[in-house]
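Quick note, in the working numbering, the sequence shown goes up one by one and the last residue is 470.
Before any comments, here is the structure.
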Amino acid sequence: MEKPVKKHQEIELSISDLAYGGAGLAHIDDFVIFVKNGIPGQKVKARITKVKSSFAEAKILNIIEQSPQFQASPCIYFDHCGGCTHQHLDYETQLRYLHKQVIDLYSHLGGFGPVDVLPPVPSQGIFRYRNKMEFAFSEKRWLIDDFETYKPENFALGLRAPGNYWKAIDLNDCLIAPEETSVVLATIRQFALSNQLAAFNQKNHTGFLRHLVLRKAYNTNQLMINIVTNNDQHAIFQPLVNELSAKLDNLSCVVNTITRGWSGTTVGEKQHTIFGNDHILEMLGALTFKISPASFFQTNTIMAEKLYEIVREYASISKTNTVWDLYCGTGSIALYLARDAKEIIGFEIVKDAVKDALVNASLNNIKNTRFIEGDLDKLFQKNPEILDDLPKPDILIVDPPRGGMHPKLVDVVAQLHPKTIVYVSCNPATQVRDIKMLLEQKHYTIDKIQPVDLFPHTPHIEVVTKLTAA
């Protein structure tokens, strides 16, 4: 069947909705067109950039009629960076569309019919809320017409350009990152250029500087800087560390991670501590948490405590209950709930995170937790004796990465058949998929669905869902 549009065609479009993922949604008859940075209520002139069998993608050339929901973005990189795709919508409107998208995912993708999804819990802060930012060095700077033309084209320190893994947008700041970001970026950029330290080329695997990771403990004000390089020359950074520590009173930790692999990971085979400790400490409620460079920790500290209180409410743990915490990271949820339970057993693939979880339990004098290292995609198949040796969970907490649970793990959860499952997810699409697979095997009731906005200005939403065995 002939498509109603062709690539490179210029066309007028009326945007009627926001698609899951953040693009504006327009239609020509029943044919869907996703419009980058489009918002409902806009009439635009756009150029078609991609055509597939059932949809097309388009880029706005100019606005014919502006949406009443529009607000000017305060970020100078907004039109080019793929991060904060909702920053040109007022915050209440962002929440309304995120709410609608969670409802649609459960109703349509999940096939659960009409569902009662509670309104999202709004974030307390909508800028400077992220406690972790990963920036990329690149030998190829993403060029923006007549913008910052004074910068070299063969060096960038910032974020990957949307749809282009080889280039990066050189940033002076990021408005959702810690307030120290502009100082750190400027200081490291100048040091690298002055010392002719080459940025990494992802295509041919050359260059020295690969990534820069900032982590901030908001409640203790401790700052970590992790410079990821392609080989080991850590002594070269001492003058940089001296300069950074003079500028940043709260600098607690500078590490150099060495990774020679082809992937873009910031986790490496070797790590040097070149200033302070090899970790920072954060507090949630009355608990102290050790965070290492590779450890997982919720990226919005203020909202993490609100999230964990919802998990506590939904889990409704008693002193007789055994709880399993799958994908436990540094043990933050397990330790937060430990006082309520008989025992909590956490499972985590990242070795350093498990070490931190054990340290965190000790730091907080918590003695009723255990943490087991292993890949949950395979752990129970390779070591089935675990299922016999450990006490069965009355309550299961699941907080997987964006890809969700492996189908074999869903099978194990069905086999365990705990009375309550609390599924925490940063990707409601995979959450819905997993819950649908589980409900095909065991009879559970979806009791509550609570979105929590941990990621303002982005198309992402955290969702906590409570399942109760019938």
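All residues carry an ideal CB built from backbone N, CA and C; glycine is no exception.
Secondary structure of residue i, DSSP reduced to three states
{"i": "Cys451", "result": "The residue asked about is misnamed: residue 451 is Pro in this sequence, not Cys. DSSP places Pro451 in strand when its eight states are reduced to three."}
{"i": "Leu185", "result": "helix"}
{"i": "His8", "result": "coil"}
{"i": "Val350", "result": "coil"}
{"i": "Lys52", "result": "coil"}
{"i": "Leu409", "result": "helix"}
{"i": "Ser138", "result": "strand"}
{"i": "Leu416", "result": "helix"}
{"i": "Val311", "result": "helix"}
{"i": "Glu373", "result": "strand"}
{"i": "Tyr150", "result": "coil"}
{"i": "Phe208", "result": "coil"}
{"i": "Phe200", "result": "coil"}
{"i": "Phe112", "result": "coil"}
{"i": "Phe380", "result": "helix"}
{"i": "Ser425", "result": "strand"}
CA nearest to the CA of residue i, picked from the options
{"i": "Val398", "options": "Ile48, Lys466 and Ala304", "result": "Lys466"}
{"i": "Asp116", "options": "Ser123, Gly125, Leu105 and Pro122", "result": "Leu105"}
{"i": "Lys140", "options": "Lys132, Asn164 and Glu134", "result": "Asn164"}
{"i": "Trp166", "options": "Phe137, Ser14 and Asn219", "result": "Phe137"}
{"i": "Ile64", "options": "Ile291, Ala26 and Leu13", "result": "Leu13"}
{"i": "Ser16", "options": "Glu10, Ala294, Pro40 and His8", "result": "Pro40"}
{"i": "His443", "options": "Ile461, Thr420, Asp453 and Val32", "result": "Thr420"}
{"i": "Gly110", "options": "Gln431, Val463, Glu348 and Gln441", "result": "Gln431"}
{"i": "Arg128", "options": "Gln66, Tyr218, Glu134 and Asn226", "result": "Tyr218"}
{"i": "Gly38", "options": "Gly403, Asp173 and Leu18", "result": "Leu18"}
{"i": "Met376", "options": "Ser263, His108, Leu358 and Val410", "result": "Note on identity: in this sequence residue 376 is Leu, with Met being the wrong assignment. Checking every option, the nearest Cα to that of Leu376 belongs to Val410."}
{"i": "Phe70", "options": "Leu244, Thr85, Leu223 and Ala56", "result": "Thr85"}
{"i": "Ile461", "options": "Asp434, Ala429, Ile435 and Leu438", "result": "Ala429"}
{"i": "Lys342", "options": "Leu363, Leu358, Gln381 and Pro391", "result": "Pro391"}
{"i": "Ala168", "options": "Leu337, Leu159, Leu175 and Ile176", "result": "Leu159"}
{"i": "Pro114", "options": "Val452, Lys448 and Pro459", "result": "Lys448"}
{"i": "Glu313", "options": "Lys203, Leu25 and Asp340", "result": "Asp340"}
{"i": "Gln415", "options": "Thr49, Phe380 and Gln202", "result": "Phe380"}
{"i": "Leu197", "options": "Phe208, Thr320, Pro451 and Leu439", "result": "Phe208"}
{"i": "Glu305", "options": "Gln124, Glu2, Tyr20 and Cys174", "result": "Gln124"}
Exposure of residue i, with buried meaning 16 or more beta-carbon neighbours within 10 Å
{"i": "Lys216", "result": "buried"}
{"i": "Trp324", "result": "buried"}
{"i": "Glu309", "result": "exposed"}
{"i": "Tyr77", "result": "buried"}
{"i": "Ala469", "result": "exposed"}
{"i": "Trp142", "result": "buried"}
{"i": "Ser194", "result": "exposed"}
{"i": "Arg210", "result": "buried"}
{"i": "Leu287", "result": "buried"}
{"i": "Thr229", "result": "buried"}
{"i": "Leu98", "result": "buried"}
{"i": "Phe147", "result": "exposed"}
{"i": "Asp356", "result": "buried"}
{"i": "Ala235", "result": "exposed"}
{"i": "His457", "result": "buried"}
{"i": "Pro384", "result": "exposed"}
{"i": "Gly261", "result": "exposed"}
{"i": "Arg130", "result": "buried"}
{"i": "Gln271", "result": "buried"}
{"i": "Ala192", "result": "buried"}
{"i": "Tyr150", "result": "exposed"}
Beta-carbon separation (whole angstroms), residue i vs residue j, contact threshold 8 angstroms
{"i": "Pro418", "j": "Asp394", "result": "6 angstroms"}
{"i": "Lys132", "j": "Val183", "result": "Their Cβ separation, rounded to whole angstroms, is 17 angstroms, which puts Lys132 and Val183 out of contact at 8 angstroms."}
{"i": "Leu284", "j": "Lys290", "result": "Not a contact, Cβ separation roughly 12 angstroms."}
{"i": "Val51", "j": "Val102", "result": "Not really, about 29 angstroms apart at Cβ, beyond 8 angstroms."}
{"i": "Lys59", "j": "Arg47", "result": "5 angstroms"}
{"i": "Gly374", "j": "Ile349", "result": "7 angstroms"}
{"i": "Leu454", "j": "Met303", "result": "5 angstroms"}
{"i": "Val422", "j": "Val311", "result": "5 angstroms"}
{"i": "Leu157", "j": "Arg189", "result": "5 angstroms"}
{"i": "Ala353", "j": "Thr330", "result": "5 angstroms"}
According to DSSP, residues forming a beta bridge with residue i
{"i": "Arg130", "result": "Asn300"}
{"i": "Ile258", "result": "Thr229 and Lys270"}
{"i": "Ala46", "result": "Ile11 and Ile60"}
{"i": "Ser362", "result": "Looking at the DSSP assignment, Ser362 forms no beta bridge with any residue, so it has no partner."}
{"i": "Ile446", "result": "Leu467"}
{"i": "Arg160", "result": "Ala168"}
{"i": "Asn321", "result": "For Asn321, which the question treats as bridged, DSSP gives no partner whatsoever."}
{"i": "Arg215", "result": "Lys132 and Met224"}
{"i": "Phe34", "result": "Leu25 and Glu57"}
{"i": "Glu282", "result": "Phe289"}
{"i": "Cys253", "result": "Met224 and Gly276"}
{"i": "Val121", "result": "Val452"}
{"i": "Phe70", "result": "Leu89"}
{"i": "Asp17", "result": "Leu25"}
{"i": "Ile397", "result": "Asp325 and Val422"}
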